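Below you'll find the structure, written out as structure tokens, and then a few comments.
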Amino acid sequence: MMKARDIAYLVREKLHIPQDLRLADVPATLRTKPVSPSTVKDVSTETPDSMPLLAQMAVDAGDGRPFVKWWHYFGAYEDQFAELAQRSREGTLDRPLRILEMGVWRGGSLDLWRQYFGPEAVIFGIDIDEVILSLGIDSAEVRVGSQTDEVFLRAVIEEMGGVDVVIDDGSHQSKDVIASLRIIFPLLADGGTYVIEDLHTSYWPTWGGGFRRRGSSIEALKELVDALHQPYYARSGRRNSVGIERDSLRSIQFYDSVAVLRKWACPEPQPFRGGDHSRPEASI
Ligand SMILES: C[S@@+](CC[C@H](N)C(=O)[O-])C[C@H]1O[C@@H](n2cnc3c(N)ncnc32)[C@H](O)[C@@H]1O
1019 MMKARDIAYL VREKLHIPQD LRLADVPATL RTKPVSPSTV KDVSTETPDS MPLLAQMAVD
1079 AGDGRPFVKW WHYFGAYEDQ FAELAQRSRE GTLDRPLRIL EMGVWRGGSL DLWRQYFGPE
1139 AVIFGIDIDE VILSLGIDSA EVRVGSQTDE VFLRAVIEEM GGVDVVIDDG SHQSKDVIAS
1199 LRIIFPLLAD GGTYVIEDLH TSYWPTWGGG FRRRGSSIEA LKELVDALHQ PYYARSGRRN
1259 SVGIERDSLR SIQFYDSVAV LRKWACPEPQ PFRGGDHSRP EASI
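Just so we're aligned: the sequence shown equals residues 1019 to 1302 in our numbering.
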């Protein structure tokens, strides 16, 4: 039987449920959302043609450094980045794409990003665990520090020469997710993309969340849906809890457990009058 400490690590840090786990073995404090072991993806049923490219790359990682991503994330990443990643791999972008992943763990996901975004991309990973320095990770630059440390984050992004894509796969604690977004979104390049993984944690008390709980990361992100529509309603002086306003927010999209925010210098909304408005039917 697995030790409670090992189960706690796997569930808390990796959101990975061991195949042989019995619910009775899970410490009560972690039993906020039992996930069936059958949810661990069996790729033997997939063919290369049935998978998004990123999923194929993930499967092909074979005996490389370990990583864990939920299977459906690969399709979401492909939706968002297929064209950009292809151009980055081909080296046809105006300048190298700059990617920051928060949460390195054992480095496997950085290896995957290197393969996906190609040799020219500037890829950095940060983690609070110093072990990342001893893993011989050569696919990306790694730096030790917290995703909530503004001075550290600013220094890393300056070293990167700016940032175009951020992937938050760090602590998944709601307060940390919000803190990072607050600090980094203003530093993101125009047109840049900010991805937050594992938002299911925002429904779980052990990650500072709960269903419709104030202060959870998903509730904070829902506030941004209102921020995007700010010209259409009168509002109180209170800013939203993430501090992002519509003037820099192009879109916010949700997948299961993943949010994707795009940044741009947002113009005022203006209606466009198409066709000939002097035609008789225009005044019916
Ligand atoms: C889910 S794992 C990352 C997994 C990796 N991206 C992958 O796909 O395999 C989360 C990592 O976040 C790190 N972490 C936890 N709190 C953090 C914080 N405040 N700042 C940065 N990293 C943190 C943990 O040490 C752990 O390695």
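Backbone N, C-alpha and C define an ideal beta-carbon position, used for all residues, glycine too.
Every value quoted in this text rests on a predicted model; they were computed, and no experiment measured them.
Please indicate yes or no: does the CB of residue i lie closer than 7 Å to some heavy atom of ligand 1?
| i | result |
| --- | --- |
| Val1181 | no |
| Asp1147 | yes |
| Ser1189 | yes |
| Ser1164 | yes |
| Ser1127 | yes |
| Asp1294 | no |
| Lys1059 | no |
| Pro1123 | In the sequence as presented, Pro is not what sits at residue 1123; that position holds Trp. Answer for Trp1123: yes, Cβ within range of ligand 1. |
| Lys1193 | no |
| Glu1119 | yes |
| Ile1144 | yes |
| Phe1099 | no |
| Val1184 | no |
| Val1086 | yes |
Starting from residue i, trace the alpha helix (DSSP H) both ways and give me its first and last residue.
| i | result |
| --- | --- |
| Glu1096 | 1089-1108 |
| Gly1143 | Unbroken run through Gly1143 is the beta strand (DSSP E), 1140-1145; no alpha helix (DSSP H). |
| Arg1327 | There is simply no residue 1327 to check, as the chain begins at 1019 and stops at 1302 in what is shown. |
| Met1178 | 1168-1178 |
| Arg1200 | 1192-1202 |
Thinking C-beta only, is residue j closer than 8 Å to residue i?
| i | j | result |
| --- | --- | --- |
| Ile1146 | Gly1125 | no |
| Ile1117 | Ile1141 | yes |
| Met1172 | Ile1144 | Inspection of the sequence shows that residue 1172 is occupied by Arg rather than by Met. Cβ distance not < 8 Å, so Arg1172 and Ile1144 don't count as in contact. |
| Glu1215 | Tyr1134 | no |
| Gly1180 | Lys1281 | no |
| Phe1305 | Leu1130 | The displayed coordinates of the chain run from 1019 to 1302. Any statement about residue 1305 would go beyond what the structure contains. |
| Ser1320 | Ala1238 | Any question about residue 1320 goes unanswered here, given that the chain covers just 1019 to 1302. |
| Ser1234 | Ser1192 | yes |
| Ser1106 | Gly1136 | yes |
| Leu1102 | Ala1139 | no |
| Gly1261 | Arg1200 | yes |
| Pro1306 | Gly1093 | One cannot answer for residue 1306 here, as it falls past the ends of the chain, which runs 1019 to 1302. |
| Val1276 | Thr1211 | no |
Which stretch, first to last residue, makes up the beta strand (DSSP E) that contains residue i?
| i | result |
| --- | --- |
| Gly1328 | Only positions 1019 to 1302 of the chain appear in this structure, which leaves residue 1328 out of reach. |
| Ser1269 | 1267-1273 |
| Val1303 | The structure shown does not extend to residue 1303, since the chain spans only 1019 to 1302, so no value can be given for it. |
Tell me, please, whether the CB atom of residue i is closer than 8 Å to any CB atom in chain B?
| i | result |
| --- | --- |
| Gly1228 | Within the model displayed, chain B is absent; a lone protein chain is all it includes. |
Original post:
Three or more C-beta pairs closer than 8 Å, one from the region 1261-1276 and one from the region 1236-1251: is that the case here?
Top reply: Yes: at least three Cβ pairs fall under 8 Å.
Original post:
Any chance the region 1287-1294 sits against the region 1199-1219, with 3 or more Cβ pairs inside 8 Å?
Top reply: no
Subject >> Touch test, the region 1224-1231 against the region 1088-1104, Cβ-Cβ under 8 Å, three pairs minimum >> reply: no
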